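Student:
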Amino acid sequence: MHRKAPLKIIGSNAERTRLHNRKVVLGHLRSHGKLGRAELARLTGLSTQAMSNIIAELEGEALILAGERQTKGRGLPAVQYTLNPAGAVALGVEVRPNAILCALVNFLGDTLYTKRIHIKSSEPAVVLPAVKAACDEALSSIGKNAPPVLGAGIVMPGPFGRVGLTGAGKAELVGWDDKDPQALFEDVLQVPVRVENDATAAAIAEQTTGSATELQSFCFVYFGTGLGLGVISNGEILRGAFGNAGELGHVVVERGGRLCSCGNRGCLETYTSRMAASEFLQKRGKSAENQKDLSDLLAANDPDLEEWISEAADPLAQAIGTLENLFDPEAVILGGAMPPELLERLIEKLDLIDATVSVRADRTLPRVVRGASGWMTAALGAAALIIHDTYIPSISKVA
Ligand SMILES: [Zn+2]
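So this is what it looks like as structure tokens:
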């Protein structure tokens with residue numbers, strides 16, 4: 012009996028190494044598009060034999076495909092391997108107070124299916140069966156021979172757990188404070204589940220298919236109902252101790268300023284968020300409840316909306332300066348549930364701080380860029396998170 016424990020430890024280390032090596036190989040194929048066996052061995056530092064084993068395993072699972080042979084120098088042309096888009100799928104679900112957004116993506120993160128379902132309540136007893144039904148429908152949409160499901164990313168508005176910011180916020184879900192969402196969703200869906208906040212999920216979507224595919228370190232400012240932040244640093248997600256890092260909306264930009272739903276005064280999202288825009292316009296007798304209302308007002312050069320943009324740009328520019336100094340990102344990306352043209356206008360209006368660590372002579376990118384936006388951003392990001400977990404992300408594109 013005594014010998015079993017150390018054997019188990021050795022076994023788990025070997026398993027961990029095997030999984031790590033698989034991830035490294037998938038990460039390189041993702042970065043380079045296609046590679047031969049010898050190139051993969053060289054890039055990963057693994058022996059040719061070890062590489063052959065990993066390739067055989069990944070090919071057996073249909074996660075990679077062997078393509079045409081390509082001549083490089085002397086010798087037999089090498090078979091080129093690529094990721095197989097149809098090798099696996101991942102589910103992404105965003106749970107909002109009044110709706111469930113469900114997405115299905117392939118192994119490259121490309122969208123296969125999206126759907127929005129209205130829910131009467133955000134309590135677990137309503138949400139769990141609705142999410143199960145939505146996921147079943149998503150999977151049946153791709154036919155009977157669906158590839159393996161890698162998992163489901165579930166996006167819920169943070170903060171997670173009872174914390175100081177938990178208040179009467181409009182964006183909060185009812186009935187989840189004392190629950191373990193991961194365990195509950197794994198139980199109904201029967202696949203591995205990962206729970207994330209909306210901004211982090213959107214940041215990953217941006218890195219998979221959006222404006223950040225070439226970036227290793229960036230800040231993603233997410234316009235949801237409030238204002239969130241996803242930070243990717245050297246390819247890794249910055250989560251904090253409890254998954255609550257990035258509550259940018261509740262950073263105080265004006266002491267004693269406007270009252271926020273969190274109980275503080277002067278929070279950034281009381282000035283710069285969709286909610287802030289809608290409240291500002293309401294006071295001027297205009298309705299801006301959704302993205303289309305905002306798009307229409309912008310297209311009509313509405314002076315009140317222009318005024319709000321100017322007002323919102325200043326605290327945002329200050330916050331961006333802080334993000335630059337704190338995280339040293341390659342760029343700050345603005346995205347989420349805002350019309351893209353409105354985000355463009357906001358970026359044009361930003362009077363960025365002249366002296367931050369991001370002001371560099373060797374910059375090739377603008378300091379602030381517009382990201383992908385749309386109502387499915389977070390759900391697609393949640394699915395992308397699952398794909399993201401199957402490879403080591405921090406591999407430079409430059410070999
Ligand atoms: Zn606040």
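Residue numbers (the working numbering): 12 to 410. By construction, the Cβ of each residue, glycine as well, lies at the ideal position given by its N, Cα and C atoms. All values reported here derive from a predicted model rather than from experimental measurement.
Starting from His261 and walking both ways along the alpha helix (DSSP H), at which residues does that stretch end?
Tutor: Counting along the chain, His261 falls outside any alpha helix (DSSP H), and DSSP gives it neither H nor E.
Student: Please classify Ala25 as buried or exposed, where buried requires at least 16 neighbouring CB atoms within 10 angstroms.
Tutor: With fewer than 16 other Cβ atoms within 10 Å, it is exposed.
Student: Using only the alpha-carbon positions, how far apart do Ala410 and Gly392 sit?
Tutor: Confidence at Ala410 is low in this model, with a pLDDT of 35, below 50, so its placement is unreliable and the value that follows should be read with caution. If I take the Cα positions, the gap works out to 27 Å.
Student: Candidates Lys294, Leu305, Lys297, Asn275: which alpha carbon is nearest Arg285's?
Tutor: Residue Leu305 is the option with its Cα nearest to Arg285.
Student: Name all residues in chain order for which at least one heavy atom of ligand 1 lies closer than 5 Å to the residue's CB.
Tutor: Listed along the chain, these residues meet the criterion: His261, Cys271, Cys273, Asn275, Cys278.
Student: Would you list, in sequence order, the uninterrupted beta strand (DSSP E) runs of no fewer than 3 residues that lie entirely inside the stretch 201–278?
Tutor: Within the stretch 201–278, the complete beta strand (DSSP E) runs of at least 3 residues are 204–207, 229–234, 238–244.
Student: Which value, in whole angstroms, describes the spacing of the CA atoms of Gln302 and Asp121?
Tutor: Between Gln302 and Asp121, the C-alpha separation is close to 24 Å.
Student: Just curious, the alpha helix (DSSP H) that Leu353 is in, first and last residue?
Tutor: Start and end: 351–360.
Student: What residues are listed by DSSP as bridge partners for Ile111?
Tutor: For Ile111, which the question treats as bridged, DSSP gives the partners Val106, Ile128.
Student: If you measure between the beta carbons of Phe196 and Val185, is that distance less than 8 Å?
Tutor: The answer is no: Cβ separation not under 8 Å.
Student: Please name the residue, chosen from Ala288, Arg48, Gly56, that lies closest to Ser63 on a Cα-to-Cα basis.
Tutor: For Ser63, the nearest C-alpha among the options comes from Arg48.
Student: In chain order, what residues of the same chain have a beta carbon less than 7 Å from the beta carbon of Ala213, not counting five sequence neighbours either side?
Tutor: So the list reads Phe231, Tyr233, Gly241, Gly346, Gly347, Thr388, Ala389, Gly392, once near-sequence residues are dropped.
Student: In three-state DSSP terms, what is Leu119?
Tutor: Of the three classes helix, strand and coil, the one that applies to Leu119 here is coil, per DSSP.
Student: Which partner residues does Leu46 have in the DSSP bridge list?
Tutor: Paired residue(s): Tyr92.
Student: Looking only at C-alpha atoms, which of Leu361, Gly254, Ile397 sits nearest to Ala381?
Tutor: The sequence given here places Arg at residue 381; Ala does not occur at that position. Of the listed residues, the one whose Cα sits closest to Arg381 is Leu361.
Student: Between Ala256, Ala394, Ser298, which lies nearest to Phe338 when the distance is taken from Cα to Cα?
Tutor: Here the closest residue by C-alpha is Ala256.
Student: Taking 8 Å as the limit between beta carbons, can you name the residues of its chain near Gln91, skipping five residues before and five after?
Tutor: Excluding residues within five positions, the ones whose Cβ falls inside 8 Å are Lys45, Leu46, Gly47, Ala77, Gly78, Glu79, Arg80, Gln81.
Student: Can you tell me the Cα-Cα spacing of Glu359 and Glu258, whole angstroms?
Tutor: The straight-line gap from Cα to Cα measures roughly 24 Å.
Student: Identify which residue in Cys113, Ala114, Lys143 has its Cα closest to the Cα of Asp198.
Tutor: Per the Cα distances, Lys143.
Student: Could you pull the DSSP bridge partners for Leu76 from this structure?
Tutor: Paired residues: Thr93.
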